[in-house]
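The next block holds one structure in the form of structure tokens; read it before the comments.
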Amino acid sequence: MSNAIQNRYDFVLLFDVQDGNPNGDPDAGNLPRVDAETGKGLVTDVCLKRKVRNYVGLKHSEQPPYEIYIKEKAVLNKQHERAYVAIGAEDVLKDDKKRKGGDKVGEARDWMCANFYDVRTFGAVMSTGINCGQVRGPVQMTFARSIDPVVALEHSITRMAVATEAEAEKQDGDNRTMGRKFTVPYGLYAAHGFVSAPLAGQTGFSEDDLALLWESLNNMFEHDRSAARGMMATRNLVVFKHESNMGNAPAHELFERVQAKLKDGVTAPRSYTDYNVSVNPKNDLPNGVSILEV
Amino acid sequence: MKNFCLEVWGDFACFTRPEMKVERVSYDVITPSSARAMFEAILWKPAIRWHVHKIEVLEPIRWINVRRNEVGAVISERNIKTAMNTGKGSLGLYVDDPKVRQQRAGLFLRDVKYRIHAGFEMTERAGAGDTPVKFAEMFERRAAKGQCFNQPYLGCREFAAGFRLVDAKEKLAHPISESRDLGWMLFDMDYSDTKDPKPLFFRAEMKDGVVDVPAFDSEEVRG
Numbered sequence: 001m002s003n004a005i006q007n008r009y010d011f012v013l014l015f016d017v018q019d020g021n022p023n024g025d026p027d028a029g030n031l032p033r034v035d036a037e038t039g040k041g042l043v044t045d046v047c048l049k050r051k052v053r054n055y056v057g058l059k060h061s062e063q064p065p066y067e068i069y070i071k072e073k074a075v076l077n078k079q080h081e082r083a084y085v086a087i088g089a090e091d092v093l094k095d096d097k098k099r100k101g102g103d104k105v106g107e108a109r110d111w112m113c114a115n116f117y118d119v120r121t122f123g124a125v126m127s128t129g130i131n132c133g134q135v136r137g138p139v140q141m142t143f144a145r146s147i148d149p150v151v152a153l154e155h156s157i158t159r160m161a162v163a164t165e166a167e168a169e170k171q172d173g174d175n176r177t178m179g180r181k182f183t184v185p186y187g188l189y190a191a192h193g194f195v196s197a198p199l200a201g202q203t204g205f206s207e208d209d210l211a212l213l214w215e216s217l218n219n220m221f222e223h224d225r226s227a228a229r230g231m232m233a234t235r236n237l238v239v240f241k242h243e244s245n246m247g248n249a250p251a252h253e254l255f256e257r258v259q260a261k262l263k264d265g266v267t268a269p270r271s272y273t274d275y276n277v278s279v280n281p282k283n284d285l286p287n288g289v290s291i292l293e294v
Numbered sequence: 001m002k003n004f005c006l007e008v009w010g011d012f013a014c015f016t017r018p019e020m021k022v023e024r025v026s027y028d029v030i031t032p033s034s035a036r037a038m039f040e041a042i043l044w045k046p047a048i049r050w051h052v053h054k055i056e057v058l059e060p061i062r063w064i065n066v067r068r069n070e071v072g073a074v075i076s077e078r079n080i081k082t083a084m085n086t087g088k089g090s091l092g093l094y095v096d097d098p099k100v101r102q103q104r105a106g107l108f109l110r111d112v113k114y115r116i117h118a119g120f121e122m123t124e125r126a127g128a129g130d131t132p133v134k135f136a137e138m139f140e141r142r143a144a145k146g147q148c149f150n151q152p153y154l155g156c157r158e159f160a161a162g163f164r165l166v167d168a169k170e171k172l173a174h175p176i177s178e179s180r181d182l183g184w185m186l187f188d189m190d191y192s193d194t195k196d197p198k199p200l201f202f203r204a205e206m207k208d209g210v211v212d213v214p215a216f217d218s219e220e221v222r223g
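Protein chains in written order, with my numbering: chain A, 1 to 294; chain B, 1 to 223.
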């Protein structure tokens, strides 16, 4: 775990959606998530992390050291068995009647971090038998929020077929069903993220892993097309790199520099070009902080 | 013991009540244990132990309901060991599997802002070169610059917190003018037996926006 990153990073991810549902709310019949008080759209942190995992899983075809622990069932090759980097400690299993803290738990945890990208990036809970044995990942993301209020549109759609015989009989062979889908006509969302260098040291999150994180944040929507999502795209990823591993400036002050404002005269945004996005003031960053082009 | 004051804020927060943690419901205000963790996110060494004295609530208590798809399983240590030893095995966790997927609602706080007062004491694990002055200066230096070990958060990691060190000389905004009995609240976990940590509770009361936190060893704190 010696090649872990040495710098702290904070980032702002701007992405947009057009005629799609970026993140459905299971509490509201899959309507796009909306903050009821402000009308602004929400996308949960777990939704975004899911897409990072999917991208990395796709790109590295689930091979160590880029395996993905938390998978979607779409990958149905649960049966396959893959050779692991065995570290050889066979007496462990024999001597395992009562699990005690400290025996081989640390080794198992390190091994998981070394093999699974999502475990060393986002962390994971492992049942280790000692209190709260868990891996805290260096990368932390927040809920994404839209810059301006979004409206959720409901569309009724038809299907020229029915699911069951009984349904067909009821309709005398007319065989039509109605469905609903929800879209946001347009929304520009901002999520904030943090990469802690000290925590990276604990999981072995390396410079290569970091580059892969930026790559996946830039490309994750390109491989997440579906009928529900519409057009989604990462528009801007502003990464603040701190010279020191503990950081050189408070994150909120850096985040405040990234501004997205509606252009004059636009009341209902319908595209990215309706916004002015800027990093203010770009040339006056605090000492030891630089903006990374990724 | 020197007193330090941090102002912390964020869009959302969830200080989960232990009696309602399947569908998470937050306490009305930040718990002393979560407040302590914010100081630890900036500076902690085995040589010191943080104690929270006072919590000032600076924004009205407001709520939001969010339901998410979550995973209800933990990584099996036994499966990992088997895979390590035999050199083969399938370890993925399939989140669409109805056995592990759960939809959970959460009742979270929104737009919170607190002023937290805390100090630290030296522990028995302090070395010869460890002095309170050293840690006090380190903490102040880091907090003033916005440095931290990891970004502090408001109960859950997805609810990141902004923070700033409050200068002793600055004029402070008043906390909210609201008083309420917050009932029995989690004080902190007692880790003195590391294999079996025990929760500690105290009767929390907000008076004009201020929650006074009793000392760890006082009789107001019960196991």
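Glycine included, each C-beta is placed from N, C-alpha and C at the ideal position. All values derive from a computational prediction rather than experimental measurement.
(request) Compare the C-beta of B/Arg17 with all C-beta atoms of chain A and state if any pair is closer than 8 Å. (result) Translated into positions along the second sequence, residue 17 of chain B becomes position 17. Not one chain A Cβ lies under 8 Å of B/Arg17.
(message) Quick check on A/Glu90: does DSSP put it in helix, strand or coil?
(response) To locate residue 90 of chain A, count along the first sequence from 1; it is residue 90. Its pLDDT being 41, under 50, A/Glu90 is placed unreliably by the model, and the measurement read from it follows with that caveat. In this structure, A/Glu90 counts as coil in the three-state DSSP scheme.
(request) Just the C-alpha distance for B/His53 and A/Gly201, rounded to the nearest angstrom, thanks. (result) Mapped onto the second sequence, residue 53 of chain B falls at position 53. Mapped onto the first sequence, residue 201 of chain A falls at position 201. Answer to the nearest angstrom: the Cα atoms are 32 Å apart.
(request) If I'm right that A/Ala197 touches A/Arg8 with Cβ under 8 Å, what's the distance once you round it to whole angstroms? (result) In the first sequence, the residue the question calls residue 197 of chain A occupies position 197. In the first sequence, the residue the question calls residue 8 of chain A occupies position 8. Correct: roughly 5 Å between the Cβ atoms.
(message) Pairs of beta-carbons, one from the segment 164-179 of chain A and one from the segment 103-122 of chain A, closer than 8 Å: are there three or more?
(response) no
(request) Using a cut-off of 7 Å between C-beta atoms, extract the partners of A/Asp148 located in chain B. (result) As a first step, residue 148 of chain A must be located in the first sequence, where it is residue number 148. Correct list: empty, because the minimum Cβ distance to chain B is about 16 Å.
(message) Against chain D, does A/Phe143 count as a neighbour if the rule is that its beta carbon must be under 8 Å from one of theirs?
(response) Structure shown: chain D not included; protein chains present are A and B.
(request) Determine, using beta carbons only, whether A/Asn280 and A/Lys263 come nearer to each other than 8 Å. (result) Position 280 of the first sequence, counted from the start, is the residue given in the question as residue 280 of chain A. Position 263 of the first sequence, counted from the start, is the residue given in the question as residue 263 of chain A. No, the Cβ-Cβ distance between A/Asn280 and A/Lys263 is not below 8 Å.
(message) Quick check on A/Ile157: buried or exposed, where buried means 16 or more other Cβ atoms within 10 Å of its Cβ?
(response) Translated into positions along the first sequence, residue 157 of chain A becomes position 157. The residue in question, A/Ile157, is exposed, as its Cβ has fewer than 16 Cβ neighbours within 10 Å.
(message) Using 8 Å as the threshold, is the C-beta distance between B/Ile116 and B/Ala35 below it?
(response) By one-based count along the second sequence, residue 116 of chain B stands at place 116. By one-based count along the second sequence, residue 35 of chain B stands at place 35. Closer than 8 Å, so yes.
(message) Between which residues of its own chain and A/Leu153 is the CB-CB distance below 8 Å, once the five residues before and five after are set aside?
(response) One-based indexing of the first sequence puts residue 153 of chain A at position 153. Here the set comprises Phe182, Thr183, Val184, Pro185.
(request) Return the chain-ordered list of same chain residues with a C-beta closer than 8 Å to the C-beta of A/Arg229, the five sequence neighbours on each side being excluded. (result) For this step, residue 229 of chain A is matched to residue 229 along the first sequence. Correct list, in chain order: Val17, Gly20, Asn21, Pro22, Phe221.
(request) Check whether the Cβ of A/Phe143 sits closer than 7 Å to any heavy atom of the ligand SAM, and report yes or no. (result) Among the components of this structure there are no ligands whatsoever, and the ligand SAM is therefore not found.
(message) Could you give the first and the last residue of the continuous beta strand (DSSP E) run that contains A/His327?
(response) An answer regarding residue 327 of chain A cannot be provided, because it is not within the stretch 1 to 294 covered by chain A.
(message) Rounded to whole angstroms, what is the Cα-Cα separation between B/Asp208 and A/Pro286?
(response) Locating residue 208 of chain B in the second sequence gives position 208, where the first residue counts as 1. Locating residue 286 of chain A in the first sequence gives position 286, where the first residue counts as 1. Rounded to whole angstroms, B/Asp208 to A/Pro286 spans 38 Å at the Cα level.
(request) Tell me whether the beta-carbon of B/Phe12 lies closer than 8 Å to the beta-carbon of B/Thr31. (result) Within the second sequence, the letter at position 12 stands for residue 12 of chain B. Within the second sequence, the letter at position 31 stands for residue 31 of chain B. In this structure, B/Thr31 does not lie closer than 8 Å to B/Phe12 by Cβ.
(request) Report the residue from A/Val150, A/Asn30, A/Pro250 whose alpha carbon sits nearest the alpha carbon of A/Pro269. (result) Numbered from 1 along the first sequence, position 269 holds the residue referred to as residue 269 of chain A. Residue A/Val150 is the option with its Cα nearest to A/Pro269.
(request) Please confirm if B/Met20 has its CB atom under 8 Å from at least one CB of chain A. (result) As a position in the second sequence, residue 20 of chain B is number 20, starting the count at 1. Chain A, which has no Cβ nearer than 8 Å to the Cβ of B/Met20, makes this no.
(request) List the residues of chain B that A/Met112 touches, going by C-beta distances under 9 Å, in chain order. (result) The residue labelled residue 112 of chain A in the question sits at position 112 within the first sequence. Ordered by position in chain B, the residues that pass the 9 Å Cβ test against A/Met112 are Ile75, Ile80, Leu91.
(request) Say whether chain A places a C-beta atom closer than 8 Å to the C-beta of B/Tyr114. (result) For the purposes of this step, residue 114 of chain B is taken as residue 114 along the second sequence, with counting starting at 1. False, the Cβ-Cβ gap to chain A never drops below 8 Å.
(request) Determine the direct distance from the alpha carbon of B/Gly10 to that of B/Val74, and round the result to whole angstroms. (result) Taking the first residue of the second sequence as position 1, residue 74 of chain B is located at position 74. Taking the first residue of the second sequence as position 1, residue 10 of chain B is located at position 10. When rounded, the distance between both Cα atoms is 29 Å.
(message) Beta-carbon within less than 6 Å of A/Leu210's beta-carbon, same chain only, minus the 5 sequence neighbours each way: which residues are those?
(response) As a first step, residue 210 of chain A must be located in the first sequence, where it is residue number 210. Closer than 6 Å at the Cβ level, and outside the excluded window around A/Leu210, lie Ile5.
(message) Please identify the residue among A/Leu254, A/Arg145, A/Tyr66 whose C-alpha is closest to the C-alpha of A/Glu37.
(response) In the first sequence, the residue the question calls residue 37 of chain A occupies position 37. Among A/Leu254, A/Arg145, A/Tyr66, the Cα nearest to that of A/Glu37 belongs to A/Arg145.
(request) Establish whether the CB of B/Ala173 and some CB of chain A are separated by less than 8 Å. (result) Residue numbering aside, residue 173 of chain B sits at position 173 when the second sequence is read from its first letter. No - not a single Cβ of chain A is within 8 Å of the one on B/Ala173.
(request) Identify whether B/Trp63 lies in helix, strand or coil by the three-state DSSP scheme. (result) Reading the second sequence from its first residue, position 63 is the one you call residue 63 of chain B. Correct three-state label for B/Trp63: strand.
(message) Measuring straight from C-alpha to C-alpha, what distance separates A/His80 and A/Val238?
(response) Here the question's residue 80 of chain A lines up with position 80 in the first sequence. Here the question's residue 238 of chain A lines up with position 238 in the first sequence. Bear in mind that a pLDDT of 46 at A/His80, under 50, signals an unreliable position, so the model cannot answer this.
(message) Comparing C-alpha positions only, which one of B/Glu19, B/Lys45, B/Val25, B/Phe39 sits nearest to B/Arg125?
(response) Within the second sequence, numbered from 1, the residue matching residue 125 of chain B stands at position 125. Comparing Cα positions, the closest option is B/Lys45.
(message) Less than 8 Å between the C-beta atoms of B/Glu158 and A/Asp118, yes or no?
(response) Here the question's residue 158 of chain B lines up with position 158 in the second sequence. Here the question's residue 118 of chain A lines up with position 118 in the first sequence. No, these two residues do not count as a Cβ contact at 8 Å.
(request) From the DSSP output, read off the bridge partner residues of B/Arg199. (result) Residue 199 of chain B sits at position 199 when you count from the first residue of the second sequence. The sequence given here places Pro at residue 199 of chain B; Arg does not occur at that position. Answer by DSSP bridge pairing, in chain order: B/Met189.
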